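Q: All residue numbers for the sequence shown refer to numbering that gives the first Met the number 0, where the first residue is 0 and numbers rise by one. Each residue gets a CB set at the ideal place from its N, CA and C atoms; glycine is no exception. Because the structure is a prediction, the values reported are computed rather than measured.
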Amino acid sequence: MRFKKVLCVLLTAAVMTGLAACSGGRQPSPAPADNSAGASAAADNTDGLIVVGFSQVGAESDWRTANTKSMQETFTADNGYKLIFDDAQQKQDNQITAIRNFIQQEVDYIVLAPIGETGWDTVLKEAKDAGIPVIIVDRMIDVSDDSLFTCWVGSDFRKEGDIAVAWMETALAGKEKVNIVHLQGTIGSSAQIGRSEGLEAGVSANSGWELIAQQTGEFTQAKGQEVMESILKQNSQIDLVYCENDNMAFGAIDAIEAAGKTAGINGDIVIISFDATHAGLAMTLEGKINYNVECNPLHGPRVEKLIQQLQAGQTPEKLAYVEETAFDAATITQADIDARAY
Ligand code: AHR
């Protein structure tokens, strides 16, 4: 596949034509994409499709489900791709195995949504040695050599945290003491690191804010609920819960209500959340989440644009940040929710 792609670029440069016969062209094909196969499926019979191996973190949240859907709806045979999708079930070892399988199958591109930032150097060196471009999506990686990945597209997670803290500073202005519970995402993921740094900077800058509990809920509703139940038993005065995603917010709200307290705009405890999924925004409209900072999961078309740039012999921007917004329970409308694709 890669030999044919190089040949294609050369021919295109020489005569500005010839894409039709080239593997890697964006031509419709009657062959259906197998986008649910595991990483061990062979990347053969591609019928001129661009083969993309995608290692996904898992299915821990509504955000992740929307992200998987966006990738699967983009990388179809009709669009000129064969997608080999691998769900790592929240384990970095599984992601490393998937990448090695993609290399063995000689895919054209590897797309990695990394669970955590560290631990990628060895396997990405193997991909580089095999000559396969690696696109990082969503969270960032921390590698010793930036040439181990071609480019990255995702969110500015620290900015998301800062946006939440700016809202808190306005909404809580004048309160002498604010007892804060912090439900963190998967420790070591960029989403956790950036959002946690934002809150911790806010706590340092606001003398009345006290972090009374800080624990991971692993970005899942069940763990968010379990952790919040235990924190509620140990702390009688909680003023605000900073949940690093919508699903943990749902779990925390369930725990708060089960403990006989109320959450949100007219409640005992202020709720901050991230993602702004449909379900998260419905809870914001209902007033149970006070403020919801968007984290946009619709990366399929963004990754495709990067691949098309590479196919055309261009050099995409190394880092591309997605523009994001935030929703306040005091001003959100049903139209805001209806206008959103996830
Ligand atoms: O990396 C993005 C984060 O991962 C989302 O905020 C969270 O819901 C997901 O699991």
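Here's a check: name, in chain order, each residue in its chain whose Cβ is nearer than 6 Å to the Cβ of Ile211, leaving out the five neighbours to either side.
A: Along the sequence shown, one-based indexing puts residue 211 at 212. Result list for Ile211: Asn178, Asn234, in chain order.
Q: Which of the three DSSP states is assigned to Asn265 in this structure?
A: As a first step, residue 265 is located in the sequence shown; it is residue number 266 there, counting from the start. The answer is coil: DSSP assigns Asn265 none of H, G, I, E or B.
Q: Assuming Asp161 and Gly197 make a contact with CB atoms under 8 Å, what is their CB distance in whole Å?
A: Position 162 of the sequence shown, counting from 1, holds the residue named residue 161. Position 198 of the sequence shown, counting from 1, holds the residue named residue 197. Right, their Cβ atoms sit about 5 Å apart.
Q: For the ligand AHR, any of its heavy atoms closer than 8 Å to the Cβ of Trp119?
A: Here the question's residue 119 lines up with position 120 in the sequence shown. Trp119 Cβ: outside cutoff for every heavy atom of the ligand AHR.
Q: Please determine whether the Cβ atom of Asp86 lies at a distance below 8 Å from any heavy atom of the ligand AHR.
A: In the sequence shown, counting from the first residue as 1, residue 86 sits at position 87. Result no, Cβ not under 8 Å from the ligand AHR.
Q: Give me, in chain order, the residues of the same chain whose beta-carbon lies closer than 6 Å to that of Thr261; leave out the 5 immediate sequence neighbours on both sides.
A: In the sequence shown, residue 261 corresponds to position 262, counting from 1. Around Thr261: Asp267.
Q: Using beta-carbon positions only, say whether Asp137 and Gly153 come within less than 9 Å of one another.
A: To locate residue 137, count along the sequence shown from 1; it is residue 138. To locate residue 153, count along the sequence shown from 1; it is residue 154. Cβ atoms of Asp137 and Gly153: closer than 9 Å.
Q: For the beta strand (DSSP E) holding Ser97, just list the boundary residues, first then last.
A: Locating residue 97 in the sequence shown gives position 98, where the first residue counts as 1. The sequence given here places Ala at residue 97; Ser does not occur at that position. Not the beta strand (DSSP E): Ala97 falls in the alpha helix (DSSP H), residues 91-103.
Q: Please say whether Leu171 and Asp238 have beta carbons closer to each other than 9 Å?
A: The sequence position of residue 238 within the sequence shown is 239, counting from 1. The sequence position of residue 171 within the sequence shown is 172, counting from 1. Yes.
Q: Which residues in the same chain have their Cβ closer than 8 Å to the Cβ of Leu309, if we skip the five residues on either side of it in sequence?
A: In the sequence shown, the residue the question calls residue 309 occupies position 310. So the list reads Tyr108, Pro132, Thr149, Pro315, once near-sequence residues are dropped.
Q: List the whole-angstrom C-beta distance separating Phe84 from Gln55, where the pair is believed to meet the contact cut-off of C-beta under 8 Å.
A: For the purposes of this step, residue 84 is taken as residue 85 along the sequence shown, with counting starting at 1. For the purposes of this step, residue 55 is taken as residue 56 along the sequence shown, with counting starting at 1. Sure, about 7 Å apart at Cβ, within 8 Å.
Q: Is Glu228 helix, strand or coil by DSSP?
A: Within the sequence shown, residue 228 is the residue found at index 229, counting from 1. In the structure shown, Glu228 sits in a helix (DSSP, three-state: H, G or I).
Q: Use the C-beta contact count for Thr332: other C-beta atoms within 10 angstroms, 16 or more gives buried, fewer gives exposed.
A: Translated into positions along the sequence shown, residue 332 becomes position 333. Under this definition Thr332 is an exposed residue.
Q: Should Gln224 be labelled buried (16 or more other beta-carbon atoms within 10 Å of its own) or exposed?
A: Residue 224 sits at position 225 when you count from the first residue of the sequence shown. The residue in question, Gln224, is buried, as its Cβ has 16 or more Cβ neighbours within 10 Å.
Q: Please say whether Gly216 and Glu116 have beta carbons closer to each other than 9 Å?
A: Looking up residue 116 in the sequence shown gives position 117. Looking up residue 216 in the sequence shown gives position 217. Contact flag unset, no.
Q: Going by the C-beta, is Glu59 closer than 8 Å to any heavy atom of the ligand AHR?
A: Indexing the sequence shown from 1 puts residue 59 at position 60. The answer is yes for Glu59.
Q: So is the beta-carbon of Asn93 under 8 Å away from any non-hydrogen atom of the ligand AHR?
A: Against the sequence shown, residue 93 aligns to sequence position 94. No, the beta carbon of Asn93 sits no closer than 8 Å to any heavy atom of the ligand AHR.
Q: Would you mind listing the beta strand (DSSP E) stretches within the segment 265-295 that are 3+ residues and don't spill past its ends, in chain order?
A: Listed in chain order, the complete beta strand (DSSP E) runs (minimum 3 residues) inside the segment 265-295 are 269-274, 290-293.
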